[in-house]
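Just so we're on the same page, the numbering used here is the position in the sequence shown counted from 1, plus 23. Cβ coordinates follow ideal geometry from the N, Cα and C atoms, glycine included.
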Amino acid sequence: MKRKDFLKAMGVAGIGLTVPIKASSGSLNSGSCTPPACVLIPTETAGPFPLDLTENSAYFRQDIREDQAGVQLNLKLKIKGLENCAPMPNLRVNIWHCNKDGLYSGYSQSNNQGQTGKTYLRGYQYTDANGEVDFVTILPGWYNGRICHIHFQVYVSSSYAAISQLTFPLDIKNQIFTNNSSLYTKGADPLSFSQDNIFSDGYEYQLSTLTPNENGNGYDAYLEVTIKGEGVLGVSHVEKQTAKNIVLEQNFPNPYMDQCTIPFSVLKSSKITLQLWDLSGRKVAILIDKKLYQVGNYIFDMNKEIFDISNGSYVYEIIAENSDGIFKTSKMMTRVK
């Protein structure tokens with residue numbers, strides 16, 4: 024299976040290893056806040072320069088800078104459900120923003136010339152067990168009518184995606200621009216929040232932190248984003264047609280140290296492939312690749328003796344191929360030592 028096909032099919036976009044699985048009957052084993060801290064993130068326009076990030080497998084990445092100069096920005100977003108203020112894992116989060124000069128990749132028009140075919144400063148990740156995603160980028164510049172900002176989209180299902188924007192404290196951001204005038208040649212951002220085309224009606228829940236990175240790697244930014252839905256420990260939206268053929272559960276425990284179990288259910292006799300990808304979009308391993316004739320519940324036991332992976336987060340994807348078609352779903356898992 025090609026990497027690009029995987030990423031597109033997932034709605035995002037090694038060594039081969041097949042180990043025994045076990046069929047089972049019956050049920051499968053299976054940063055906090057309190058209301059009113061959770062307030063629905065305001066909905067904003069996707070802006071004049073959105074792109075469908077799933078059309079290019081290069082967008083499945085944490086570091087979205089490519090060759091763009093600018094002060095490093097380490098961005099962390101935490102996604103929570105409005106109903107219970109709990110983390111929402113396994114959701115795709117897209118981000119995109121302009122470069123230091125106010126230009127967006129992928130478009131060429133009178134106010135954004137020469138950028139067609141470029142892919143910089145766009146990318147997506149999946150939320151982990153804590154509902155968090157991390158990106159490495161640069162502090163965006165600004166352009167006429169718009170204050171410095173970052174667009175983001177939290178994709179929950181085919182029928183709901185939360186689209187919004189975030190911004191930064193004016194004084195800190197402008198001090199960075201001033202201190203790095205050789206990079207940000209347009210100077211300090213001249214707009215206030217009240218003058219901005221988007222944030223003039225409010226920005227309280229879209230104002231990210233902006234603090235120096237303790238290791239000297241630029242600045243860290245953090246924002247908690249509340250969207251419609253209920254935060255859970257390891258269950259996300261599964262499309263109806265896929266759920267008629269294959270159901271993938273969260274691995275447990277998650278995060279795990281030496282061993283974890285991945286439960287899944289086969290609802291129709293299918294060829295099953297279970298594979299593991301790292302967050303750069305590289306296939307790490309094929310865990311299962313075989314025909315399962317028996318409908319029922321299965322578990323895949325993953326331990327360090329059979330398959331040892333480095334610390335970090337991974338996407339595990341299951342594919343069911345049968346007479347009805349090809350059905351895919353995926354989740355995030357995290358290894359710690």
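| request: Compute the beta-carbon to beta-carbon distance between Lys291 and Val318, rounded to the nearest angstrom, for a pair I have assumed lies under 8 Å. | output: Translated into the one-based positions of the sequence shown, residue 291 becomes position 268. Translated into the one-based positions of the sequence shown, residue 318 becomes position 295. Yes, they are in contact, since the Cβ atoms of Lys291 and Val318 sit about 7 Å apart, within 8 Å.
| query | Per DSSP, what kind of secondary structure is Tyr82 in: helix, strand or coil? | reply | To locate residue 82, count along the sequence shown from 1; it is residue 59. Here Tyr82 sits in helix by DSSP.
| So Asn135 is in the alpha helix (DSSP H); what residue range does that whole segment cover? | Reading the sequence shown from its first residue, position 112 is the one you call residue 135. Careful: Asn135 lies outside any alpha helix (DSSP H) and carries neither H nor E.
| query | On the premise that Ser187 lies in contact with Glu67, defined as a C-beta separation below 8 Å, what is that separation, rounded to the nearest angstrom? | reply | Translated into positions along the sequence shown, residue 67 becomes position 44. Translated into positions along the sequence shown, residue 187 becomes position 164. Yes, they are in contact, since the Cβ atoms of Glu67 and Ser187 sit about 5 Å apart, within 8 Å.
| Using the rule of at least 16 other Cβ atoms within 10 Å of the residue's Cβ for burial, across every protein chain shown, is Gln298 buried or exposed? | Numbered from its first residue, the sequence shown carries residue 298 at position 275. Buried is the call here.
| query | On the three-pair Cβ rule with 8 Å, is the segment 93-105 touching the segment 151-158? | reply | yes
| field | Segments assigned alpha helix (DSSP H), at least 4 residues, entirely inside the segment 125-208 | value | 193-202
| said: Quick check: what's the CA-CA separation for Glu272 versus Pro286? | reply: The sequence position of residue 272 within the sequence shown is 249, counting from 1. The sequence position of residue 286 within the sequence shown is 263, counting from 1. Roughly 5 Å between the two C-alpha positions.
| field | Ile195, buried or exposed, once every other Cβ within 10 Å from all chains shown has been counted against 16 | value | Stepping through the sequence shown from its first residue, residue 195 is reached at position 172. Exposed, since its Cβ has fewer than 16 Cβ neighbours within 10 Å.
| message | Three or more C-beta pairs under 8 Å: does that hold for the segment 159-170 against the segment 188-208? | response | yes
| task | Inspect the beta-carbon positions of Thr234 and Tyr228 and report whether they are closer than 8 Å. | result | As a first step, residue 234 must be located in the sequence shown, where it is residue number 211. As a first step, residue 228 must be located in the sequence shown, where it is residue number 205. Not in contact: Thr234 and Tyr228 (Cβ atoms no closer than 8 Å).
| query | How many angstroms separate the CA atom of Ser180 from the CA atom of Gln85? | reply | Within the sequence shown, residue 180 is the residue found at index 157, counting from 1. Within the sequence shown, residue 85 is the residue found at index 62, counting from 1. Straight-line Cα distance between these residues: approximately 22 Å.
| task | Note down, in chain order, each residue of its chain lying with its Cβ closer than 7 Å to the Cβ of Met280, except the 5 sequence neighbours on either side. | result | Walking along the sequence shown from the start, residue 280 turns up at place 257. Val359, Lys360, listed in sequence order.
| task | Give the secondary structure of Ser333 by DSSP, where H, G and I count as helix, E and B as strand, and everything else as coil. | result | In the sequence shown, residue 333 corresponds to position 310, counting from 1. Here Ser333 sits in coil by DSSP.
| task | Starting from the C-beta of Leu96, find all residues in its chain whose C-beta is less than 7 Å away, skip the five residues before and the five after it, and write them out in chain order. | result | For the purposes of this step, residue 96 is identified with residue 73 of the sequence shown, where counting begins at 1. Cβ within range, chain order: Thr160, Ile161, Leu162, Gly241, Tyr242, Ala244.
| request: Kindly indicate which three-state DSSP category Thr265 falls into: helix, strand or coil? | output: The count along the sequence shown starts at 1 and reaches residue 265 at position 242. Of the three classes helix, strand and coil, the one that applies to Thr265 here is helix, per DSSP.
| request: Alpha carbon to alpha carbon, how far is Pro276 from Asn326? Give it in angstroms, no decimals. | output: Counting from 1 along the sequence shown, the entry for residue 326 is found at position 303. Counting from 1 along the sequence shown, the entry for residue 276 is found at position 253. Each residue's Cα considered, the two are about 12 Å apart.
| query | Among Lys141, Gly335, Asp124, Lys123, which one has its Cα closest to the Cα of Ser131? | reply | The residue labelled residue 131 in the question sits at position 108 within the sequence shown. The option with the nearest alpha carbon to Ser131 is Lys141.
| With DSSP run on the structure shown, which of helix, strand or coil describes Asn97? | Here residue 97 is taken as the residue at index 74 of the sequence shown, counted from 1. Strand at Asn97.
| When the Cα atoms are used, what is the spatial distance from Arg305 to Gly129? | For the purposes of this step, residue 305 is identified with residue 282 of the sequence shown, where counting begins at 1. For the purposes of this step, residue 129 is identified with residue 106 of the sequence shown, where counting begins at 1. Rounded to the nearest angstrom, the two C-alpha atoms are 24 Å apart.
| message | Could you check whether the Cβ of Ile329 sits closer than 8 Å to any Cβ belonging to chain B? | response | The structure shown contains no chain B; it is built from a single protein chain.
| How many Å lie between Met356 and Gly335 at the Cα? | Within the sequence shown, the letter at position 333 stands for residue 356. Within the sequence shown, the letter at position 312 stands for residue 335. Answer to the nearest angstrom: the Cα atoms are 8 Å apart.
| query | Secondary structure at Gln229, three-state DSSP: helix, strand or coil? | reply | Stepping through the sequence shown from its first residue, residue 229 is reached at position 206. Looking at Gln229 - three-state DSSP - the assignment turns out to be helix.
| If you draw a straight line from the C-alpha of Tyr178 to the C-alpha of Asn117, how long is it? | For this step, residue 178 is matched to residue 155 along the sequence shown. For this step, residue 117 is matched to residue 94 along the sequence shown. Rounded to whole angstroms, Tyr178 to Asn117 spans 8 Å at the Cα level.
| request: Please say whether Gln138 and Tyr127 have beta carbons closer to each other than 8 Å? | output: Here the question's residue 127 lines up with position 104 in the sequence shown. Here the question's residue 138 lines up with position 115 in the sequence shown. Going by C-beta atoms, Tyr127 is nearer than 8 Å to Gln138.
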